[in-house]
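Contents: one structure, followed by commentary.
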Amino acid sequence: MRRKLVAGNWKMHGGLARNRALLDSLVQAVGTGGSADCAVCVPFPYLAQTQELLKGTALTWGAQTLSEHAQGAYTGEVSAAMLADFGCRYVLVGHSERRSLYGEGNETVAAKFVAAVQGGLTPVLCLGETLEQREGEITEKVIAAQLDAVVQAAGMNGLAKAVIAYEPVWAIGTGRTATPQQAQDVHAFIRARLAESDVALAQRLQILYGGSVKPQNAVELFGMADIDGGLIGGAALVAEDFLAICAAAAK
Ligand code: PEP
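Counted from 1, the sequence shown has number 139 at position 140 by numbering that gives the first Met the number 0; the numbering is strictly sequential.
Here you go:
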């Protein structure tokens with residue numbers, strides 16, 4: 000069975016005092032590690048604090064985006080090597096908010112994915128369709144295009160170093176979760192598409208579900224055959240909720 004991973008996406012939330020309280024609670028409860036992995040993806044300025052508080056614990060951490068460039072005159076950007084300096088294991092790539100609010104298309108997402116892998120990070124590649132696309136019955140076409148762009152740029156060897164997160168845009172931050180079956184269908188589609196190139200890799204790759212995951216729906220979602228954990232937004236900011244979701248993944 001694939002190991003499960005629960006990754007929290009704090010988005011642009013946090014503050015030194017609040018982070019400390021949240022991370023301390025997670026460290027105390029997660030202890031020395033269970034049968035699922037738990038990670039937090041924090042805003043850049045809090046990476047040093049996160050590293051200080053989580054180093055040597057069972058929790059891992061990461062960032063929410065990165066530059067596609069390794070270095071240079073790119074004011075405001077942060078490279079993979081800089082994230083690695085702060086002990087990041089993960090970096091989100093292609094989150095729908097980056098795609099829709101910051102104009103990151105499939106090509107940019109693929110370039111960022113490659114930069115993450117080259118920098119020794121594990122990209123969490125986010126894929127997902129809008130409500131309009133789902134209603135237009137082009138979900139699979141959209142997901143395939145998002146995935147193929149990355150496979151083309153990074154190859155299956157690159158993909159082997161990643162985690163995928165299926166996040167239907169209409170379910171992110173809306174309280175409207177995909178049903179376990181809706182999520183499972185897309186996860187199975189992603190796995191089948193990857194299996195066309197590499198059956199063994201398709202079988203072992205972790206595919207997380209994200210979109211209004213809460214303690215109340217986590218067990219059912221994580222119980223589906225192709226759902227290997229979750230990418231959690233709102234519920235990752237409340238220690239009790241995030242821990243309950245991590246516990247659901249460990250079942
Ligand atoms: C997310 O930010 O990736 C996300 C899934 O958010 P939420 O859990 O709040 O829907």
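C-beta: ideal position from N, C-alpha, C; glycine also.
Keep in mind that this is a model prediction, so the values were computed, not measured.
Following the DSSP letters along the chain, one finds residue 141 inside the alpha helix (DSSP H) bounded by residues 138-158. Here the stretch 161-180 makes no contact with the stretch 196-203; the two share fewer than three CB pairs at distances below 8 angstroms. Collapsing the DSSP output to three states places residue 171 in coil. The alpha-carbon separation between residue 171 and residue 96 amounts to approximately 9 angstroms. Per DSSP, reduced to three states, the secondary structure at residue 165 is strand.
Of the heavy atoms belonging to the ligand PEP, at least one sits nearer than 8 angstroms to the Cβ of residue 211. Taking C-beta separations shorter than 8 angstroms and ignoring five residues to either side along the sequence, the partners of residue 88 in its chain run 38, 59, 60, 61, 120 and 121, following chain order. Residue 26 is not a Cβ neighbour of residue 248, given a cutoff of 9 angstroms. Residue pairing by DSSP places residue 3 opposite 35 in a beta bridge.
In the structure shown, residue 229 adopts extended strand secondary structure according to DSSP, grouped into three states. For the stretch 62-140, the full-length beta strand (DSSP E) segments reaching 3 residues or more read 89-92 and 121-126 along the chain. A straight line joining the alpha-carbon of residue 208 with that of residue 131 spans about 20 angstroms.
Between residue 93 and residue 126, the C-beta spacing is below 9 angstroms. At a threshold of 8 angstroms, residue 173 counts as near the ligand PEP, since its beta carbon sits closer than that to one of the ligand's heavy atoms.
Within its own chain, the residues whose Cβ lies closer than 7 angstroms to the Cβ of residue 192, once the five positions on either side in sequence are excluded, are 143 and 146, listed in chain order. Within 8 angstroms of the C-beta of residue 96 there is at least one heavy atom belonging to the ligand PEP.
Counting only the Cα atoms, residue 63 lies some 5 angstroms from residue 91. Less than 9 angstroms separates the beta-carbon of residue 118 from that of residue 80.
Relative to residue 113, the option among 206, 56, 153 and 103 whose CA is nearest is 153. Close CB contacts of residue 103 within its chain, under the 8 angstroms cut and outside five residues either way in sequence, are with 93, 97 and 111 (chain order). In this structure, residue 219 has its CB at a distance of at least 8 angstroms from all heavy atoms of the ligand PEP. Beta bridge pairing from DSSP links residue 207 with 164.
Looking at the backbone, the Cα of residue 230 and that of residue 195 are separated by about 26 angstroms.
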